[in-house]
Amino acid sequence: MSTVTVSLAGRSYDIVIGPALIDRVGELSARLLSSRRVIVVTDETVAPLYGARVYQSFKNANVDAAIVVVPAGESSKEFASFERLMNALLDRRPDRKTALVALGGGVVGDLTGFAAATLLRGVDFLQIPTTLLAQVDSSVGGKTGLNTRHGKNLIGAFYQPRLVLADTEVLDTLPRRELLAGYAEVAKYGLIDDAAFWAWCEQNGAAMMAGDPARRTYAIEQSCRAKARIVAADERETTDLRALLNLGHTFGHALEAETGFGPELLHGEAVGAGMALAFDLSAELGLCPAEDAARVRRHLAAVGLPVRLRGIGGDNSRSWDATRLIEHMRGDKKAEAGKLTFILARGIGKTFVSRQVEEAALHRLLDRAIAA
Ligand SMILES: NC(=O)c1ccc[n+]([C@@H]2O[C@H](COP(=O)([O-])OP(=O)(O)OC[C@H]3O[C@@H](n4cnc5c(N)ncnc54)[C@H](O)[C@@H]3O)[C@@H](O)[C@H]2O)c1
Ligand SMILES: [Zn+2]
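Following the numbering used here, the numbering of the sequence shown begins with 38 at its first residue and continues without gaps.
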């Protein structure tokens, strides 16, 4: 078991990482709770897998836990779902001391976090992230959010949990594709500023995904440490520092927009392909050794992430178009005044923010990636 502290003035909290923590949530959170009542929010897939264990763990610690179940999937972050959740929570007559517990992936985490920020003007919340992506990314940093027809995560609040428990064993039931998608975000931390961690990933990534508990704990710990360090320095994304977390995301967003933000291409898969493209672009611009870009592509492909545009969607039938992809990039909420922002690299672990990529170079790169 290991602990990462997220240091924020007055609102610091711990992320505890290790096996079988689900069964210890009552014991580990009891001293943080203001009352003996919690409401657990989870989804239809996670509830039958882990709901009873979380309930029992709270019961053993004399904490009364109610459980509210929402549908699995991104639709639970819509306004209408949020309204249903808030009414379901209010039906259980919470008071200001009742804590919410998010048990699930990033969807449940974002939804429950925003519910906690607004229920009775703010109640405490705990996170038990059950996907790799949620353990290494969405549960760290305090961003909560809902989707609207104008785009994803455009409504939300920065709202920090009191405690995060990342149980490495719950990943055993996660579909392989979801596990891999989360792994892209793990590898991202190495590429951003930690070449040693990237090298660790090359050596150990496959074994950690296969289930090795020590490697899982280490990978999640390193990821949370990396994100926590950046978040502590730049909680509200006011400098370029937090922007580095968007490595691969400008390209990834365009790929997701083109594939409809649906099951054809998961977010983490898009980020994996996007990181490979960001390193290719850096090499093309003469910023980064070609061998580093090749290493990125090689490892992500070796673990099974779809890094070739042709392979995305599985049937080689999609016809990508560079102009359309660039249009999607301009539509990204991270594009400031039409200027495309890229995280580029001078090598593995040496990334920086660039707002001056020439469109012609970008076009050339995408044409080549589409043809490859
Ligand atoms: N707040 C942030 O900083 C932040 C960062 C990144 C992503 N996000 C958000 O996170 C969401 C994506 O999160 P996600 O990838 O975890 O998706 P998700 O929550 O939809 O989970 C993916 C699927 O796995 C299932 N599942 C979860 N845990 C499982 C387990 N242990 N075993 C079996 N099945 C399990 C879920 O029911 C769901 O069907 C997006 O809405 C995204 O916007 C937020
Ligand atoms: Zn991401």
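All C-beta atoms, glycine included, are put in the ideal place defined by N, C-alpha and C.
Within the continuous alpha helix (DSSP H) that includes residue i, where are the two ends?
{"i": "V91", "result": "89 to 97"}
{"i": "D277", "result": "277 to 280"}
{"i": "A397", "result": "396 to 408"}
{"i": "V41", "result": "Not the alpha helix (DSSP H): V41 falls in the beta strand (DSSP E), residues 39 to 43."}
With a CB to CB cut of under 7 Å and the five nearest residues on each side skipped, what residues in its chain are close to residue i?
{"i": "T168", "result": "G142, G143, L211, E215, G219"}
{"i": "D209", "result": "G248"}
{"i": "T254", "result": "S39, I54, G55, T205"}
Report back the beta-carbon spacing between residue i and residue j to the nearest angstrom; my notes put them in contact at under 8 Å.
{"i": "T205", "j": "I54", "result": "7 Å"}
{"i": "Q197", "j": "L45", "result": "6 Å"}
{"i": "A203", "j": "P166", "result": "6 Å"}
{"i": "V41", "j": "R345", "result": "Between R345 and V41 the Cβ distance is about 34 Å, and since that is not below 8 Å, they are no contact."}
{"i": "V77", "j": "A102", "result": "5 Å"}
{"i": "L228", "j": "T388", "result": "7 Å"}
{"i": "I380", "j": "D329", "result": "Between D329 and I380 the Cβ distance is about 14 Å, and since that is not below 8 Å, they are no contact."}
{"i": "A307", "j": "E293", "result": "5 Å"}
Could you spell out the range, first to last residue, of the beta strand (DSSP E) harbouring residue i?
{"i": "Q164", "result": "162 to 166"}
{"i": "T185", "result": "180 to 185"}
{"i": "A194", "result": "188 to 195"}
{"i": "V390", "result": "387 to 391"}
Within the same chain, show all residues whose beta-carbon is closer than 8 Å to that of residue i, passing over the 5 residues directly before and after it, in chain order.
{"i": "T378", "result": "A280, N283, T287, K371, A372, V390, S391, R392"}
{"i": "L125", "result": "The sequence as given places Ala at residue 125; Leu does not occur at that position. Taken in chain order, the residues that qualify are V105."}
{"i": "L163", "result": "V62, S66, L69, V75, A136, L137, V138, A139, P198, R199, L200, V201, L202"}
{"i": "R410", "result": "What is shown of the chain runs 38 to 409, which leaves residue 410 out entirely."}
{"i": "S112", "result": "S118"}
At the level of alpha carbons, what is the spacing between residue i and residue j?
{"i": "A154", "j": "E321", "result": "44 Å"}
{"i": "S94", "j": "S71", "result": "17 Å"}
{"i": "H290", "j": "K96", "result": "43 Å"}
{"i": "V268", "j": "E81", "result": "31 Å"}
{"i": "H187", "j": "D369", "result": "11 Å"}
{"i": "L114", "j": "K189", "result": "In the sequence as displayed, the identity of residue 114 is Lys instead of Leu. The alpha-carbon atoms of K114 and K189 are separated by roughly 9 Å."}
{"i": "G323", "j": "L402", "result": "13 Å"}
{"i": "A247", "j": "L58", "result": "19 Å"}
{"i": "D410", "j": "K264", "result": "Residue 410 cannot be examined here, being either before or after the span of the chain that is shown, 38 to 409."}
{"i": "M123", "j": "D60", "result": "27 Å"}
{"i": "F298", "j": "H304", "result": "8 Å"}
{"i": "R332", "j": "L170", "result": "23 Å"}
{"i": "A406", "j": "D132", "result": "55 Å"}
{"i": "F316", "j": "A397", "result": "17 Å"}
{"i": "G178", "j": "E272", "result": "7 Å"}
{"i": "M312", "j": "N241", "result": "19 Å"}
{"i": "R5", "j": "E364", "result": "The question about residue 5 has no answer, for the chain in this structure spans 38 to 409."}
{"i": "R73", "j": "E64", "result": "12 Å"}
{"i": "G309", "j": "F116", "result": "30 Å"}
{"i": "R130", "j": "T275", "result": "38 Å"}
{"i": "A232", "j": "S176", "result": "24 Å"}
{"i": "R48", "j": "D147", "result": "18 Å"}
{"i": "R266", "j": "T79", "result": "28 Å"}
{"i": "F195", "j": "G159", "result": "12 Å"}
Suppose the cutoff is 6 Å on Cβ atoms and the five residues either side in sequence are ignored; what does the same chain contact list for residue i look like?
{"i": "A338", "result": "V344"}
{"i": "G350", "result": "E301"}
{"i": "H336", "result": "E239"}
{"i": "P56", "result": "T205, E206, P250"}
{"i": "M366", "result": "T287, A291, L377"}
{"i": "I257", "result": "I54, Q172, V173, A203"}
{"i": "F119", "result": "L183"}
Between residue i and chain D, is there a C-beta pair that is closer than 8 Å?
{"i": "D358", "result": "No chain D is part of this structure, which consists of one protein chain only."}
Mind listing, in chain order, the continuous alpha helix (DSSP H) runs of no fewer than 4 residues lying wholly within the region 240 to 310? 250 to 270, 277 to 280, 286 to 295
Contained alpha helix (DSSP H) runs [length at least 4] in the region 322 to 385, N- to C-terminal order: 327 to 340, 359 to 368
Just to confirm the assignment: which complete alpha helix (DSSP H) runs, minimum length 4, are found wholly within the region 204 to 242? 213 to 230
Minimum length 4: unbroken alpha helix (DSSP H) runs contained in the region 53 to 124: 62 to 66, 89 to 97
At 3 residues or longer, and completely inside the region 128 to 159: list those beta strand (DSSP E) runs for me, N to C. 136 to 141
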